[in-house]
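In full-length UniProt numbering, the protein residues as written are 1 to 162.
For reference, the structure discussed in these notes is given below.
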């Protein structure tokens, strides 16, 4: 159980690091500093790989515990293990780390959701700016005033939209 608690504690630490990177990304997005995001994304990718490795270890430890307890029809989850544990001290320690991990993951999800909203807002601003810059055929001086307006496709001074 000690190894499982250590793996969960390591996951908490890694997710906290990921949360701090997510907050740094938010600051970069707010000020529009795209260059500051690249190193953060690289660090984030490395952390995610490390989390995946530790998660594999955690899964293996849970499976090993289930095999050692000779339980055949169980779903290999921490919750199940907590329900089956007899040592109250170990159970409380494991439960505490599990709750902490859940809290950090919830905070991380909320932060990433905020980052996505900020990016979408930035993209809408860029799109609106491009739309304002695209020429309007209605504003052109050389048109036949006797003919009704015929809907023309939008012309853009750029080849593509963001």
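From the three backbone atoms N, C-alpha and C, an ideal C-beta is built for every residue, glycine too.
Item                                                                                                                        : Value
Neighbourhood of residue 78 by C-beta distance below 6 Å, restricted to the same chain and skipping five residues each side : 98
Residue-chain proximity (residue 55, chain C), Cβ-Cβ < 8 Å                                                                  : No chain C is present in this structure, which holds just one protein chain.
Reference residue 117; option with closest CA among 68, 73, 43 and 26                                                       : 26
Residue 174 - DSSP class collapsed to helix/strand/coil                                                                     : Beyond the ends of the chain as shown, which are 1 and 162, falls residue 174; an answer cannot be given.
Distance, residue 83 Cα to residue 107 Cα                                                                                   : 26 Å
Best match in 115, 1 and 55 for proximity to residue 15 [C-alpha to C-alpha]                                                : 55
For residue 98, three-class secondary structure by DSSP                                                                     : helix
Residue 21 vs residue 43 beta-carbon contact at 8 Å                                                                         : yes
Candidates 132, 134, 95 and 122: closest to residue 33 by CA position                                                       : 122
Close-in-space but distant-in-sequence residues of the same chain around residue 23 (CB under 7 Å, 5 per side omitted)      : 111
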